[in-house]
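One structure below.
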Amino acid sequence: MEFIKKSLSKWIIASIIFVVGLLCVITGAASGETSADAFAAISKTIGITFIVLGALIVIIALAGAIATKGEVSFAAVGLGAASLLAAGIFCVVDGNIAGALILAFISFVPYLLIVAGAIIALDAVLVLVFGFVNKNTKPAVVAFVGELICAAISIVLGALCIGNDPVISRDAQLIVFGILVMSYAVFAILATFLKTPRVVVVAKAKTESVDAEVKEVNNESNAE
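Residues are numbered in our numbering as their position in the sequence shown, beginning at 1, plus a constant of 260.
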């Protein structure tokens, strides 16, 4: 039961993200009215989520103000939730805003890939130069080749996705974006079922063991 309480909010958020990703895939695969309906569904999904979260924050802020008899300012927290509520209402009223933002992000990514690829390529050259200067040639060459391949892939992908009529169409880019978003949501849900290793406990146990050995050595030396 405790596990469900801790993970429920993460499952809800991940589910919403998954739905948004699925709608992006549907939008990329569809055309015409179906595509427009999918974008409208994305806006409504995001909008309703923002409205619910904003309303919950307002209710919690109001309950806190009443419980503390005004010591906790309702306006301070409520005004912070106002932007979330406003964004949610805006997304619901304007069914195109979320789709427009997603398309704008997808249009931005190719430029990011090209610039990032250029920086990685420059870093590869620096690694190679410093490798020769520091007489550390073999690792430098391996790193240079690896970075150069990553840079080339990044630049080529960016170039194929850029422009008004890109080689990789906007619909294909939207489908890939949706798949990535869905994958993130699935991993976020699976992560809640994974137990983190208790490194701190092990380290503490080792420290206590070492302290006990030190005390034993000290006692033996005092006895002698």
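For glycine and all other residues, C-beta sits at the position ideal for the given N, C-alpha and C.
Integer-rounded CB distance, given that residue j should sit under 8 Å from residue i
i       : j       : result
Ile-435 : Val-285 : 5 Å
Ala-411 : Ile-380 : 4 Å
Ile-428 : Leu-420 : 5 Å
Ala-274 : Ala-445 : 4 Å
Endpoints, the alpha helix (DSSP H) within which residue i is located
i       : result
Val-353 : 334-353
Leu-373 : 357-393
Within 8 Å, strictly: CB atoms of residue i and residue j
i       : j       : result
Ile-413 : Tyr-371 : no
Leu-344 : Phe-365 : no
Phe-437 : Gly-359 : no
Gly-406 : Gly-377 : no
Gly-338 : Ala-321 : yes
Phe-334 : Ala-327 : no
Thr-452 : Ser-267 : yes
Thr-305 : Ile-272 : no
Ile-383 : Ser-303 : With the sequence shown as reference, residue 383 is identified as Asp, and Ile is not the correct amino acid for it. No, these two residues do not count as a Cβ contact at 8 Å.
Phe-350 : Ile-357 : yes
Proximity to residue i [Cα-Cα], best of the options
i       : options                            : result
Leu-363 : Ser-267, Leu-282, Val-279, Thr-287 : Thr-287
Ala-346 : Gly-314, Ala-274, Ser-267, Phe-447 : Gly-314
Val-385 : Asp-297, Ala-400, Lys-395          : Ala-400
Leu-282 : Ala-451, Met-442, Leu-454, Leu-388 : Met-442
Gly-307 : Ala-448, Asp-383, Ile-357, Val-352 : Val-352
Ala-375 : Ile-415, Val-280, Ala-323          : Inspection of the sequence shows that residue 375 is occupied by Val rather than by Ala. The shortest Cα separation from Val-375 among Ile-415, Val-280, Ala-323 belongs to Ile-415.
Ala-290 : Leu-440, Ile-449, Arg-430, Leu-454 : Arg-430
Ala-301 : Ile-317, Ile-319, Val-279, Val-318 : Val-279
### Task
Enumerate, from N- to C-terminal direction, the unbroken beta strand (DSSP E) stretches of 3 or more residues contained entirely within the region 411-449.
Secondary structure in the region 411-449: no beta strand (DSSP E) run of 3 residues or longer lies completely within the stretch.
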